[in-house]
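Chains X and W are the protein sequences, given in the same order. Count the first sequence with the numbering used here and you get residues 71 to 351, in order. Count the second sequence with the numbering used here and you get residues 60 to 314, in order. Every residue gets a Cβ at the ideal spot worked out from N, C-alpha and C, and that includes glycine. Note that the structure is a prediction, hence the values are computed from the model and not measured. Heads up: the structure comes next, in structure tokens.
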Amino acid sequence: MEREQVQRVGFVLLGLLALVVVLPILFVVGTIVVKGISAINVEFLLALPRDGMKTGGIFPAIVGTILLTLGTAAVAIPVGVGGAVYLAEYARDTRLTRAIRLAIINLAGIPSVVYGLFGLGLFVLFLKFGTSILAGSLTLAIMTLPIIISTSEEALRTVPSEFRTVNASLGGTRWQGIHNVVLPQALPGMITGVILGLLRAAGETAPILFTVAAFYLPRLPESVFDQTMALPYHLFVISTQVPGMPLEIQFGTALVLLTLVLSMNVLASIMRSYFRKRRQW
Amino acid sequence: MVAAARIKIAVDDVSYSYEGKAALSNITFDIEANAITVLFGPAGGGKSTMLRLINRLNDLVEDTHLSGTISVDDEDVYAPGMDVAALRRRVGMVFALPLPLPGTIRENVLYGPRLTGSRDRMLLEETLARSLRQAALWDEVKDRLEQPANALSGGQQQRLCIARSLALEPEVLLLDEPTSGLDPISTGKVEASLAELKENYTVVIVPHSIQQAARVADYAAFLLMGELIEFRPGGEIFVNPTDQRTHDYVTGRFG
Numbered sequence: 071m072e073r074e075q076v077q078r079v080g081f082v083l084l085g086l087l088a089l090v091v092v093l094p095i096l097f098v099v100g101t102i103v104v105k106g107i108s109a110i111n112v113e114f115l116l117a118l119p120r121d122g123m124k125t126g127g128i129f130p131a132i133v134g135t136i137l138l139t140l141g142t143a144a145v146a147i148p149v150g151v152g153g154a155v156y157l158a159e160y161a162r163d164t165r166l167t168r169a170i171r172l173a174i175i176n177l178a179g180i181p182s183v184v185y186g187l188f189g190l191g192l193f194v195l196f197l198k199f200g201t202s203i204l205a206g207s208l209t210l211a212i213m214t215l216p217i218i219i220s221t222s223e224e225a226l227r228t229v230p231s232e233f234r235t236v237n238a239s240l241g242g243t244r245w246q247g248i249h250n251v252v253l254p255q256a257l258p259g260m261i262t263g264v265i266l267g268l269l270r271a272a273g274e275t276a277p278i279l280f281t282v283a284a285f286y287l288p289r290l291p292e293s294v295f296d297q298t299m300a301l302p303y304h305l306f307v308i309s310t311q312v313p314g315m316p317l318e319i320q321f322g323t324a325l326v327l328l329t330l331v332l333s334m335n336v337l338a339s340i341m342r343s344y345f346r347k348r349r350q351w
Numbered sequence: 060m061v062a063a064a065r066i067k068i069a070v071d072d073v074s075y076s077y078e079g080k081a082a083l084s085n086i087t088f089d090i091e092a093n094a095i096t097v098l099f100g101p102a103g104g105g106k107s108t109m110l111r112l113i114n115r116l117n118d119l120v121e122d123t124h125l126s127g128t129i130s131v132d133d134e135d136v137y138a139p140g141m142d143v144a145a146l147r148r149r150v151g152m153v154f155a156l157p158l159p160l161p162g163t164i165r166e167n168v169l170y171g172p173r174l175t176g177s178r179d180r181m182l183l184e185e186t187l188a189r190s191l192r193q194a195a196l197w198d199e200v201k202d203r204l205e206q207p208a209n210a211l212s213g214g215q216q217q218r219l220c221i222a223r224s225l226a227l228e229p230e231v232l233l234l235d236e237p238t239s240g241l242d243p244i245s246t247g248k249v250e251a252s253l254a255e256l257k258e259n260y261t262v263v264i265v266p267h268s269i270q271q272a273a274r275v276a277d278y279a280a281f282l283l284m285g286e287l288i289e290f291r292p293g294g295e296i297f298v299n300p301t302d303q304r305t306h307d308y309v310t311g312r313f314g
């Protein structure tokens with residue numbers, strides 16, 4: 071009898087702990103939705119900000135965040151996936167590759183503001199890209215790379231090595247095996263990693279602070295060398311830097327950012343389950 | 060047995076080590092064309108290693124050392140500049156476990172031909188039917204070629220893997236315990252197809268039991284702890300082994 075009581079107490083405790091994890095998320099999302107939903111209308115989403123951002127919309131910030139995320143993806147996906155393929159499929163276990171792996175792990179632990187300063191130094195000042203979408207995207211891409219590389223490498227490693235052996239035994243080159251068999255099988259896991267990385271990039275403030283984000287720029291960017299507003303930084307600005315900002319607009323902006331990020335997440339889940347259904351082992 | 064025997068594969072003084080541990084020592088024997096040569100012996104004797112050296116599949120393993128020569132049709136397969144992919148198309152391999160690739164039955168069989176860029180639909184259809192017939196699988200799958208390969212039973216999957224190798228029209232077929240995961244009926248089917256295959260192919264097989272070795276062998280090599288103890292025509296080695304160790308193994312004293 072006693073063992074079963076211990077078990078029951080254990081279940082209850084663990085259940086409560088799980089609840090502790092979920093509650094704050096529900097609370098945060100709930101608060102933002104309840105307080106921000108009233109700000110959402112066509113004008114808020116599609117108009118330029120006016121009157122020191124106190125009225126009008128947040129369209130430039132939405133566009134800016136989408137552009138930055140696309141720019142990050144354009145740089146980080148090829149480099150990250152390519153690097154992961156190299157590490158998982160080609161690299162031998164040498165001191166160099168061990169150093170590369172260590173570097174990737176450490177890169178993942180660097181605070182985002184440090185990436186921001188690094189981007190300022192390298193892209194904005196040294197390479198003279200200026201405060202621009204280009205500099206911001208590159209900075210976010212570098213921050214995202216460790217996540218994409220490590221999750222993609224993991225996904226590649228879960229593909230049974232026998233597939234590579236069979237490919238070789240049928241006269242396939244290493245690359246043919248990767249292209250025909252390994253990559254398609256690793257795709258669901260890689261997509262997860264890519265989306266996780268991009269989600270983080272989309273929501274970051276510090277890396278774009280010095281490299282791209284405009285405090286108040288009520289127009290759309292015209293080239294990759296333009297500054298742009300972006301949702302996370304805009305949210306920071308209207309919450310702390312502008313006195314008398316209506317609370318409704320702050321929560322509305324947060325709601326838009328949250329919706330953008332969550333919808334990317336949902337999209338990722340749909341893609342993942344689609345590709346997983348086609349996987350056959 | 061053919062009167063004018065032709066040597067297809069010559070293994071000459073081959074020693075092989077892996078991470079500093081010897082796996083094969085001074086192995087020398089010839090494999091005759093259009094015959095079934097059996098490599099048998101207890102686990103860890105180096106049978107699979109010997110097979111994988113012939114089609115250079117051990118290239119995928121790091122930290123190895125090989126000495127001696129292995130030639131197919133008098134051509135050293137480890138010569139510099141050897142086209143390994145072409146070698147593996149000539150020397151096909153079937154593994155102990157059926158390993159269908161992701162995809163349909165058709166995609167599996169035609170994987171090899173497609174690697175070389177074959178696009179001729181007529182020719183591919185012909186290859187598909189021929190390979191599946193040779194592997195004694197055609198009648199069971201001809202109406203469901205578009206189904207996933209892993210929906211087949213284990214025995215069918217293994218014959219599919221044989222068909223996949225045959226699609227490349229190899230000259231040599233290496234089989235590494237191809238029936239170890241199969242029931243007796245499927246094993247019988249695979250063995251029956253082997254007997255037909257030797258008409259056109261040189262077959263080297265690691266059997267999954269000594270009974271199977273005795274059933275299929277034209278020639279048999281007994282490998283023990285990386286050494287070739289005895290190599291003779293199949294009938295003789297199982298009935299009247301000359302080496303005491305071979306005798307002990309075939310009579311079931313150890314192994």
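Original post:
Who does X/S293 pair with in a DSSP beta bridge?
Top reply: According to DSSP, which records beta bridges pairwise, X/S293 is partnered with nothing at all.
Original post:
Near W/L83, what residues of its chain come up, given a Cβ to Cβ distance below 7 angstroms and the 5 sequence neighbours on each side ignored?
Top reply: V73, S74, Y75, G105, T108, M109 and G285
Original post:
Going along chain X, which residues have a C-beta under 7 angstroms from W/Y170?
Top reply: L240
Original post:
Apart from the five residues on each side of it in sequence, which residues of its chain come closer than 8 angstroms, Cβ to Cβ, to X/A187?
Top reply: Rather than Ala, the amino acid found at residue 187 of chain X in this sequence is Leu. For X/L187, where only same-chain residues beyond five positions count, the Cβ hits under 8 angstroms are F280.
**OP:** Leaving aside the five residues before and after W/A81 along the sequence, list all residues of the same chain whose C-beta is less than 8 angstroms from its C-beta, in chain order.
**Re:** S74, Y75 and G285
**OP:** Below 7 angstroms between beta carbons is the criterion; list the residues of the stretch 111-137 of chain W that meet it against any residue of chain X, in chain order.
**Re:** If you check each beta-carbon in the stretch 111-137 of chain W against every beta-carbon of chain X, the ones closer than 7 angstroms belong to N114, L116, L119 and E121.
**OP:** Could you work out which residues of chain W lie near X/R227, taking near to mean beta carbons separated by less than 7 angstroms?
**Re:** Going along chain W, no residue has its Cβ under 7 angstroms from X/R227, so there is no contact; the nearest lies around 15 angstroms.
Subject >> For X/G241, three-class secondary structure by DSSP >> reply: coil
Subject >> Among X/R73, X/L328 and X/L138, nearest to X/S293 - alpha-carbon criterion >> reply: X/L138
Subject >> Bridge partner(s) assigned by DSSP for W/L83 >> reply: W/Y75
Subject >> Bridge-paired residues (DSSP) for W/L282 >> reply: W/L287
Original post:
Do three or more CB pairs link the stretch 184-203 of chain X to the stretch 272-286 of chain X at distances below 8 angstroms?
Top reply: Touching, yes.
Subject >> Range of the contiguous alpha helix (DSSP H) that encloses X/V264 >> reply: First-last of the alpha helix (DSSP H) with X/V264: L253 to G273.
Subject >> Members of the stretch 205-219 of chain W that neighbour chain X once the beta carbon cut-off is set at 7 angstroms >> reply: P207 and N209
**OP:** Tell me, please, whether the CB atom of X/R171 is closer than 9 angstroms to any CB atom in chain B?
**Re:** Included in the structure are the protein chains X and W, with no chain B among them.
**OP:** Could you list which residues in chain X have their beta carbon closer than 9 angstroms to that of W/R147, in chain order?
**Re:** A238, S239, L240, G241 and G242
Original post:
Could one say the Cβ of W/M60 lies closer than 9 angstroms to chain X's Cβ atoms, at least one of them?
Top reply: For W/M60, the predicted model reports a pLDDT of 45, less than 50, meaning its position is unreliable; a value from the coordinates is still stated below. False, the Cβ-Cβ gap to chain X never drops below 9 angstroms.
Original post:
Do the CB positions of W/A280 and W/F99 come within less than 9 angstroms of each other?
Top reply: yes
Subject >> Residues in the stretch 150-168 of chain X having any Cβ partner in chain W nearer than 7 angstroms >> reply: So the close ones are R162.
**OP:** Express the C-alpha separation of X/T262 and X/M315 in angstroms, rounding to a whole number.
**Re:** So the alpha carbons of these two residues sit roughly 37 angstroms apart.
Subject >> Neighbour flag for W/R223 against chain X, beta carbons, 9 angstroms >> reply: yes
Subject >> Contacts around W/S177, its chain only, beta-carbon distance under 7 angstroms, and the 5 residues preceding and following it disregarded >> reply: The residues are L183.
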